[in-house]
Amino acid sequence: MTSRSATAALGIAASLVLTMPVVAQRAVKPILHGRHWVAITGKPLGATAGAMIFQRGGNAVDAAAAMLGAVATMWDVLSWGGETQALIYHPGLKKVIGINALGVAPTGATVEYYRSKGFNYPPEFGPLAAITPGTPGGLMTMLAEYGTMSLAQVLAPAIEMADGYPIEDQTANSIEANKSRIKEWPYSKAVFLPHLGAEREAPVGGEIFRQADLASTLRKLVEAEQSALKKGKTRKEAIYAAYDRFYRGDIGAEIARATREQGGLITTEDLANWKVKIEEPLSTTYKGIEVFKLREWQQGPALLQALNILENADVKPMGYNSARYLHAIYQTMSLAFADRDFYYGDPAFPPDEPIKGLLSKEYARQRYSQINWKQNDPNVKPGDPYPFQGGTNPFAELLRNWPPKPKAAAAATGHGGGPSGAAAGAMSFDDAFRAGTTSIQAADKNGWVVSITPSGGWVPAVIAGRTGVGLSQRAQSFVFDPAENPFNVIEPGKRPRVTLTPTLALKDARPYLSFAVQGGDTQDQNLLQFFLNMVEFGMNVQQATEAPNIASYQMRSSFGAHESMPGRMTLHESMPGWIRDELRRMGYRLDFARSTSGPINAIYFDWAHGTFWGGSSTDGEDYGIAW
19 MTSRSATAAL GIAASLVLTM PVVAQRAVKP ILHGRHWVAI TGKPLGATAG
69 AMIFQRGGNA VDAAAAMLGA VATMWDVLSW GGETQALIYH PGLKKVIGIN
119 ALGVAPTGAT VEYYRSKGFN YPPEFGPLAA ITPGTPGGLM TMLAEYGTMS
169 LAQVLAPAIE MADGYPIEDQ TANSIEANKS RIKEWPYSKA VFLPHLGAER
219 EAPVGGEIFR QADLASTLRK LVEAEQSALK KGKTRKEAIY AAYDRFYRGD
269 IGAEIARATR EQGGLITTED LANWKVKIEE PLSTTYKGIE VFKLREWQQG
319 PALLQALNIL ENADVKPMGY NSARYLHAIY QTMSLAFADR DFYYGDPAFP
369 PDEPIKGLLS KEYARQRYSQ INWKQNDPNV KPGDPYPFQG GTNPFAELLR
419 NWPPKPKAAA AATGHGGGPS GAAAGAMSFD DAFRAGTTSI QAADKNGWVV
469 SITPSGGWVP AVIAGRTGVG LSQRAQSFVF DPAENPFNVI EPGKRPRVTL
519 TPTLALKDAR PYLSFAVQGG DTQDQNLLQF FLNMVEFGMN VQQATEAPNI
569 ASYQMRSSFG AHESMPGRMT LHESMPGWIR DELRRMGYRL DFARSTSGPI
619 NAIYFDWAHG TFWGGSSTDG EDYGIAW
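Residue numbers for the sequence shown follow our numbering, so the first one is 19 and each next one is one higher.
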């Protein structure tokens with residue numbers, strides 16, 4: 019055989035390997051097969067809380083609420099003062115419903131205020147990073163509107179855990195690693211560091227971790243509900259009585275008092291005026307599959323844009339994780355996320371985001387035509403979607419000069435009095451890029467489906483006085499300069515544009531997939547590749563959660579100093595050398611990791627057999643139970 023024919027044969031063999039369905043790939047974890055229900059979330063104990071509620075007759079919303087309460091109590095990269103985003107499939111209405119339980123910037127949170135303190139962006143940690151708590155309101159609203167059980171029943175696992183549960187290594191070690199910052203906040207120090215003065219001041223894995231103040235707060239919510247029921251209120255009214263106690267009663271008063279005591283801005287009025295929003299989600303279709311995301315106050319529409327762009331390509335013949343396929347994914351994400359970085363923000367505040375144009379198939383075709391198929395384009399910019407919704411871009415001048423000159427690193431904060439040195443104690447770029455979040459997936463035999471990505475208030479968090487509630491750090495996702503994003507400039511009452519992005523997909527008007535992932539700016543990157551793994555490459559749901567993928571850093575980080583690293587790509591360490599070489603020739607700067615995704619959790623609906631297939635990746639401590 020000549021060298022040329024040998025080379026050709028090798029190329030054909032590689033092509034066959036890359037393009038054949040990946041159905042034979044062995045997964046590390048088994049599929050979660052269920053007939054009655056599935057419960058998946060970020061920690062084994064959290065999944066157990068969901069299973070307990072299902073076994074007691076609750077529906078998927080009840081179980082999801084119980085899991086949310088459990089993981090918030092476990093500090094599974096969130097706390098009770100964080101934010102909750104959810105998509106719910108309502109089998110009676112046969113539609114997808116959005117839950118927007120993201121907090122807002124408090125009174126006094128202006129560009130001028132933060133700049134007077136020496137900040138270029140809101141800080142990554144501390145009381146000045148806090149927006150109003152959203153998770154309690156989100157949990158109670160979902161339960162009141164779409165659940166079947168009482169708040170007392172759903173919060174029972176969380177209350178028992180707050181009284182004391184065996185903390186796992188991951189959280190215990192995170193507390194120890196962050197103890198110097200935790201000591202800046204007196205209420206946090208009292209909760210997180212039970213061995214103050216010892217060599218190890220945090221708890222150890224397996225130790226009983228007690229949160230008496232949080233247990234008291236959760237019991238107060240149940241007390242408010244039970245009192246309302248005794249007065250003849252309905253189940254729904256009684257749950258909202260508990261909601262009112264949190265946001266307008268003694269709990270909210272203590273949150274506001276303690277936040278301001280520690281240098282923050284949240285007032286009782288901020289809490290009383292905040293409300294959960296029940297919204298119509300956004301959607302697009304990809305090869306007949308309808309994919310749903312929350313609105314443009316979070317990054318989810320970027321996945322919809324990416325699917326619109328990729329629909330113009332013939333993805334499957336490129337070959338799974340071939341150089342051409344990875345290049346197509348990277349360039350598509352660069353285009354969609356550039357639009358995210360410039361156009362996404364809180365739709366309740368002017369100016370109006372051009373979301374109709376951004377999600378139009380015609381705009382996607384224009385963006386697709388801009389892909390350079392030979393080289394990475396490190397200078398991808400936001401497009402102009404306004405003509406695709408019959409308008410003229412009011413920010414054309416900003417667009418021409420985008421991106422603005424990078425700012426210095428965001429400063430860290432102690433007690434809210436201002437910077438303690440440029441980037442002092444700040445997260446690394448990589449840590450910030452993947453910051454926060456867990457995911458919750460639940461489904462039941464009656465057709466209810468819930469996908470949630472709650473986050474905020476992760477360790478190290480400022481605890482708000484004697485409530486036990488850890489405050490969000492989500493204000494850092496705002497910007498100060500309209501030249502960076504005119505839709506996401508901080509102001510009181512406004513929601514920041516966040517990364518938190520649950521997903522539901524329907525096929526033939528029935529649930530097809532429910533999926534979400536932990537991981538900051540990498541979330542919709544991971545979810546795009548997971549979705550294509552199933553739709554284009556024939557993987558089952560567990561294979562698709564475990565499969566190697568790539569991470570791009572070309573988009574602007576939603577955290578810290580909002581930096582970007584054009585051309586950088588993280589590959590799985592198993593990626594063959596010939597693909598590495600080809601990607602380098604295309605201008606990519608490669609690094610490698612054993613884990614290239616956040617922990618993806620998903621449910622696939624097998625309508626042929628009337629069963630659920632649950633998947634939970636091996637990249638974290640996520641866990642599922644099915645029956």
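We put the CB at the ideal spot given by N, CA and C, even for glycine.
Continuous beta strand (DSSP E) stretch holding residue i: start and end
| i | result |
| --- | --- |
| P204 | Element bounds for P204: not the beta strand (DSSP E) but the alpha helix (DSSP H), P204 to F210. |
| V309 | I307 to K311 |
| F533 | R528 to V535 |
| K295 | K295 to E297 |
| V4 | Summary: the structure shown does not reach residue 4, with the chain confined to residues 19 through 645, and so no result is reported for it. |
| A104 | T102 to H108 |
| N326 | That residue, N326, is in no beta strand (DSSP E); its alpha helix (DSSP H) goes P319 to L328. |
| Y641 | Y641 to A644 |
| T521 | T521 to K525 |
DSSP beta-bridge partners of residue i
| i | result |
| --- | --- |
| G632 | L50 and I621 |
| D609 | T588 |
| D462 | W55 |
| A274 | Answer is none; A274 lacks a bridge partner. |
| I226 | P184 |
| S301 | F310 |
| L247 | Paired residue(s): none; L247 is not in a bridge. |
| G118 | Before going on, a small fix: residue 118 reads as Asn here, not Gly. Q103 and K295, per the DSSP bridge assignment. |
| I481 | G488 |
| S570 | M587 |
Distance between residue j and residue i (C-alpha atoms, nearest Å)
| i | j | result |
| --- | --- | --- |
| T471 | L522 | 12 Å |
| S634 | S457 | 10 Å |
| G628 | P109 | 15 Å |
| M85 | D94 | 11 Å |
| G638 | G60 | 8 Å |
| G432 | D449 | Low local confidence applies: a pLDDT of 39 at G432 is under 50, so the model's placement there is unreliable, and no value is given. |
| M19 | M445 | Note that M19 scores 43 on pLDDT, short of 50, meaning its location in the model is unreliable; the coordinates nonetheless yield the value given after this. Distance between the alpha carbons of M19 and M445: 56 Å. |
| Q316 | P396 | 24 Å |
| V222 | P184 | 9 Å |
| A644 | F630 | 8 Å |
| S438 | P335 | Note that S438 scores 36 on pLDDT, short of 50, meaning its location in the model is unreliable; the coordinates nonetheless yield the value given after this. Near 53 Å, if we compare the C-alpha coordinates of P335 and S438. |
| E96 | R278 | Before going further, note that residue 96 is Leu rather than Glu in the sequence given. Whole-angstrom Cα-Cα distance: 21 Å. |
| K423 | F505 | 18 Å |
| A442 | P141 | With a pLDDT of 39 at A442, under the threshold of 50, the modelled position of that residue is not reliable, and the figure given next carries that caveat. Cα to Cα, the separation comes out at about 10 Å. |
| I226 | L328 | 49 Å |
| T519 | N118 | 11 Å |
Beta-carbon spacing of residue i, residue j below 8 Å
| i | j | result |
| --- | --- | --- |
| T166 | D80 | yes |
| A492 | I149 | The displayed chain sequence assigns Arg, not Ala, to residue 492. Cβ distance < 8 Å, so R492 and I149 count as in contact. |
| I296 | I481 | no |
| A271 | T286 | yes |
| E101 | G152 | yes |
| I49 | G632 | yes |
| I597 | F548 | no |
| M604 | Q393 | yes |
| N503 | G363 | yes |
| G642 | I71 | no |
| P510 | G126 | yes |
| Q171 | R237 | no |
| Q13 | Y139 | As displayed, the chain neither begins before 19 nor continues past 645, which places residue 13 out of reach and without an answer. |
| A246 | A256 | yes |
Chain D within 8 Å of residue i, Cβ atoms only
| i | result |
| --- | --- |
| I296 | You won't find chain D in this structure, because it holds only one protein chain. |
Neighbourhood of residue i by C-beta, 8 Å cutoff - its chain only, sequence neighbours within 5 removed
| i | result |
| --- | --- |
| L211 | I193, K197, I200, K201, E219 and A220 |
| V333 | Y343, A346, L550 and E554 |
| S387 | none |
Close Cβ partners of residue i (< 6 Å) along its chain, the five nearest in sequence each way excluded
| i | result |
| --- | --- |
| R565 | Note on residue identity: the sequence assigns Ala, not Arg, to residue 565. Within the same chain, A565 has close Cβ partners N551. |
| G99 | P151, G475, V487, G488, L489 and S490 |
| Y606 | N394, G585 and M587 |
First and last residue of the uninterrupted alpha helix (DSSP H) at residue i
| i | result |
| --- | --- |
| T350 | A341 to Y361 |
| K197 | K197 to I200 |
| L86 | A78 to T91 |
| A65 | P62 to Q73 |
| T614 | Premise fails: T614 is in no alpha helix (DSSP H) and is neither H nor E. |
| T153 | T153 to Y164 |
| Y381 | K379 to S387 |
Own chain partners of residue i with C-beta closer than 7 Å, once the 5 adjacent residues on each side are dropped
| i | result |
| --- | --- |
| N77 | G165, T166, D462, N464 and W466 |
| N323 | Looking at the sequence shown, residue 323 is not Asn but Gln. Cβ neighbours of Q323 beyond the five flanking positions: A354, D357, L376, L377 and A382. |
| V129 | F498, V507 and I508 |
| A626 | none |
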